[in-house]
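One structure below.
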Amino acid sequence: MSVSLAKGDALVIIDVQNDFLPGGSLAVPRGDGVVPVLNRYIAAFQSKGLPVFATRDWHPADHCSFRARGGTWPPHCVAGTPGAKFSPELMLPANAAIVSKAAAADQDAYSGFGGTDLNQLLRQAGVARVLVGGLATDYCVLNTIRDAVGLGYTVFLLADAVRAVNVQPGDGLKAEREMLGLGARPITLQDLN
Ligand code: VGL
Ligand code: ZN
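Sequence positions in the sequence shown follow this note's numbering and run 25 to 217.
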């Protein structure tokens, strides 16, 4: 497939935060592999003056998704801590729109649209097509893409810029199949022109 970036396109980068990278508290296997690839997508968007959005998990220290509160996960992405920072290697443009999610103790959100103003921001920017990559394939990427399709966006999955947690082996592949089944189109850097 060939994709010409044009007005109405936005890059949406999901949760490329230190805690999801090797050495982090909820490290996604090979999660760091998405960073150089995303940097190339960022450069392509910047060279065309197109907008970049970056979501981040932004939890309070007593978040409901943490094991201490009966949730699934070790503490991660606690707002304001080093683990919640974007990867220092991710070349986010100065004008990237940052969208924080799951910032209330009793609300979790795997989707970048969950309890945020991402949809309004995209609409205000005249966005019709979103290219989505980041972490993790089987949680926040999957749920963001589900919502993006449901909200009527044309969705491209950046297949070379996602990695899965794989709590169960195969979760990442299953998530990719689901996203494609919903209508998301898989692309890689080679498809950009
Ligand atoms: C995520 C698990 C817990 C994600 C966030 O960004 O995919 N996964 N919180
Ligand atoms: Zn989380």
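Ideal Cβ positions, reconstructed from N, Cα and C, are used throughout, including at glycine.
Please read these numbers as outputs of a predicted model, since none were measured by experiment.
For a test of your reading of the model: does the CB of residue i fall under 7 Å from any non-hydrogen atom of the ligand ZN? Yes or no.
| i | result |
| --- | --- |
| A126 | yes |
| S135 | no |
Should residue i be counted as a contact of the ligand VGL given a C-beta to heavy atom distance under 7 Å?
| i | result |
| --- | --- |
| H100 | yes |
| W97 | yes |
| C164 | yes |
| Y65 | no |
| D33 | no |
Are the beta-carbon atoms belonging to residue i and residue j less than 8 Å from one another?
| i | j | result |
| --- | --- | --- |
| G196 | T161 | yes |
| L146 | A78 | no |
| F180 | L155 | yes |
| A185 | V58 | yes |
| W82 | S89 | no |
| R64 | F110 | no |
| S49 | D215 | no |
| A152 | T178 | yes |
| L204 | R170 | no |
Along the chain, where does the beta strand (DSSP E) that runs through residue i open and close?
| i | result |
| --- | --- |
| V179 | T178 to R187 |
| D33 | D33 to I38 |
| L155 | R153 to L159 |
| P46 | Premise fails: P46 is in no beta strand (DSSP E) and is neither H nor E. |
Can you tell me where the alpha helix (DSSP H) with residue i in it begins and where it stops?
| i | result |
| --- | --- |
| G196 | D195 to L206 |
| V191 | No alpha helix (DSSP H) contains V191, which DSSP labels as neither H nor E. |
| G167 | The displayed chain sequence assigns Asn, not Gly, to residue 167. Here the alpha helix (DSSP H) through N167 covers L166 to G174. |
| L145 | L142 to Q148 |
query: Whole alpha helix (DSSP H) runs in the stretch 53-125 with 4 or more residues, listed along the chain?
result: Counting only runs of 4 or more, we get 58-71.
task: Mind the definition here: the stretch 136-146 touches the stretch 111-120 only if three or more C-beta pairs lie below 8 Å; say whether that holds.
output: The answer is no - the stretch 111-120 does not touch the stretch 136-146, with fewer than three Cβ pairs under 8 Å.
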